[in-house]
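Below is one structure, written out as structure tokens; comments come after it.
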Amino acid sequence: RDSIVSSQNPSTEVAGLERPHPTLLWPFRCCCCFVFLFCVFVFGKTSAVQDCESLGLTFDEMDQDERQRVVRDLRQAVRRLSQRGLIRSSQWAAELLCSMRKKGGIDDVMEASTASSGSSPSRPWDESVVGSSDEEDLLLLAKAYFDGREYRRCAHVLEDRIDDAQASPFLVFLWAYASYISVEKRQTDEQRDHRTALEAKTREFCQLRGQLERRHAKYPLDGFGCYVLGLVYKGLDQIDAARDILIEAASKEPFHWGSWLELADLSTGHRNSAVDRVARSHWMGAFFSAYIEVLNQDYERARASYQMLQELFPRSLYIDSQLAQIAYNERDFDDAQTVFESIRQRDPLRLDGMDSYSNILYVKEKRVRTGNQPVGIWDRFSGCSPGV
């Protein structure tokens, strides 16, 4: 009992032992802090490289056959993403594909992969995504509506086929994605008060969720269908369900960068074993892990991850932009400016990250250079272009 009382009362002496004088503890405490900080710096730095290696990302040891497989996978991914109207993810994959080319000529790996892959299909989508010729004709009509941004018409054309066991995953996705976009777009376009618009959106999302869940229970959705269901869950604030289905989406379609981004939005700030497993199942998970590390301000690990990825994608503007953003966040404005200017020399019309670059010029009192943007940099937003 005496020992318990002594532990609760710091001023009480224990069994005749006197407390050491406080000034005698300072050297010991300082030594412990130094050792702790040294361990964090050394082991924290090496763990980032170890994490990349645990994903199988020894890109410098890849032989030509393995690199050709990456090229073929990316080419196929660009086509599949473009067919489904996932424009941003398609652009991201295409830029990644072209970043494998060596400066000043065509890489032998790219040339060999082109020769082995043969000519691209003349059909607007892969033969494996459609069933009967009747379905293909229907998809041609629906995709024409989708490309014309008539999303409700697209969904309406396909709605009668959703419960059909023979309906292709492509048809299900196009219907679901068009339905999702039409709900989001209608809330923005229609002049209604916020509460009424939110209630209507919730009601339509609940209906879409029910249809997709029933379809998923009978005939499992593919990765793109899981992605749309994840968007619906997220729109209804069902975060856990959204995270689970987006993990499935990323696992089934690892080259769809949009699924990884949505998953990152739901995974920032806390660890999740299921998310970690899917990130380690494919090399695309390395981009996801590095992106998460930037969001979590773990810049040392993020930098090591991106530098590892540069071994396979040496000319990736995305990786360079992320490294520049890391330097900017660390307030290393000189290094960030150098990388951003290198990016602008290669792609003067690129907008990603240019807000940070403009801030650097402002901070460094070089504001006059922000007015020297090349003509046409805002062409991306002029007029109306089809697609999403």
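Numbering (our numbering), first residue to last: 1 to 388.
Glycine included, every Cβ here is placed at the ideal spot set by N, Cα and C.
Euclidean distance between Cα positions of residue i and residue j
i    : j    : result
G269 : F173 : 31 Å
L208 : I162 : 12 Å
M284 : L312 : 12 Å
D63  : V71  : 13 Å
R203 : R186 : 13 Å
A336 : L81  : 32 Å
L431 : Y151 : In the structure as shown, the chain begins at 1 and stops at 388. Residue 431 is therefore absent and cannot be evaluated.
D160 : V232 : 21 Å
I87  : P254 : 16 Å
I239 : E365 : 44 Å
D320 : F340 : 8 Å
R195 : R84  : 32 Å
W257 : S89  : 5 Å
L291 : W175 : One detail in the question is off: residue 291 reads as Tyr in this sequence, not Leu. Rounded to the nearest angstrom, the two C-alpha atoms are 30 Å apart.
A327 : S358 : 14 Å
G353 : D334 : 15 Å
A274 : Y362 : 43 Å
A94  : E190 : 35 Å
Coarse secondary structure for residue i, derived from DSSP in three states
i    : result
P254 : coil
F313 : coil
N329 : helix
R203 : helix
A304 : helix
N296 : coil
H282 : coil
P169 : helix
K185 : helix
K364 : coil
R101 : coil
Y357 : helix
Unbroken alpha helix (DSSP H) run spanning residue i, endpoints
i    : result
K143 : 133 to 147
Q91  : 87 to 98
Q76  : 64 to 83
N272 : Looking at the DSSP string, N272 is not in any alpha helix (DSSP H), and its letter there is neither H nor E.
G353 : Per DSSP, G353 belongs to no alpha helix (DSSP H) and is neither H nor E.
L231 : 223 to 235
Y151 : 151 to 158
Residue i: CB within 8 Å of a non-hydrogen atom of the ligand SAH
i    : result
I245 : The model on display carries no ligand, and the ligand SAH is accordingly not part of it.
- Pairing CB atoms from the stretch 296 to 305 with CB atoms from the stretch 249 to 267, are three or more of them under 8 Å? no
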